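Some notes on the structure that comes next.
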Amino acid sequence: MSARLLVSSLAGVAVLGGAAVATFALVGSADAAPSRPTIEKASATSVVVGTPGTDTFTFTATVVDDSGIKSVKVLPWPKSSKLDPTAAEMKHTESATCKATSETTSVCTYTLPMDAQEDAASMPSGTWNMAVLVTAKDGDTTYSAQATTFSVTHNNG
133 MSARLLVSSL AGVAVLGGAA VATFALVGSA DAAPSRPTIE KASATSVVVG TPGTDTFTFT
193 ATVVDDSGIK SVKVLPWPKS SKLDPTAAEM KHTESATCKA TSETTSVCTY TLPMDAQEDA
253 ASMPSGTWNM AVLVTAKDGD TTYSAQATTF SVTHNNG
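In case it helps, the numbering used here puts the sequence shown at residues 133 to 289.
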């Protein structure tokens, strides 16, 4: 390897290394909320259809944005359907109820009563996904077609 190539390589490593250290310092020191919304700690209860069955389906997520949270739209969908909803389609779905825990963080909950067993009986068994569209107060959005999963089973007993 020529000396000139070696020096160029070392200079490149030094520049990249310096950029990595600067990036690490910025990321490591950034205790502020993200500039785009994030979905954290998303979970959903599994559903049992039949007797005895599930009384209520609940989805909960902690969402964070530097401007605060304006809204969270949700859509449960069966994985077997291959539905794969888009962010544009989510604007016409139901909303979760959000409570701010700080200026940047909210805990959002979507609850669906399962008292209509005839409606629930048509729900396919298996894995379901929860699609989530978060809109921040500054208009930024984050979308996940699979923010969390849950199961639906049928109890014939």
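Built from N, CA and C at the ideal position, the CB exists for glycine as well.
Please read these numbers as outputs of a predicted model, since none were measured by experiment.
1) Counting only the same chain and skipping the five closest in sequence on each side, list residues whose C-beta sits under 7 Å from that of Val180.
2) How many Å lie between His191 and Ser227 at the Cα?
3) Roughly how many angstroms separate the alpha carbons of Pro184 and Thr281, rounded to a whole number?
4) Is there a C-beta anywhere in chain B that falls below 8 Å from the one on Asp270?
5) Where does Ala220 fall in DSSP's three states?
6) Going by Cα to Cα distance, which pick from Val196, His224, Ser257 and Thr188 is closest to Lys173?
7) So, is Ala263 buried or exposed, given that buried needs 16 or more other C-beta atoms within 10 angstroms?
Let me spell this out:
1) Thr186, Thr285 and Asn287
2) Per the sequence shown, the amino acid found at residue 191 is Phe instead of His. Going from the Cα of Phe191 to the Cα of Ser227 covers about 11 Å.
3) 22 Å
4) No chain B appears in the structure shown, which is made up of a single protein chain.
5) DSSP places Ala220 in helix when its eight states are reduced to three.
6) Val196
7) buried
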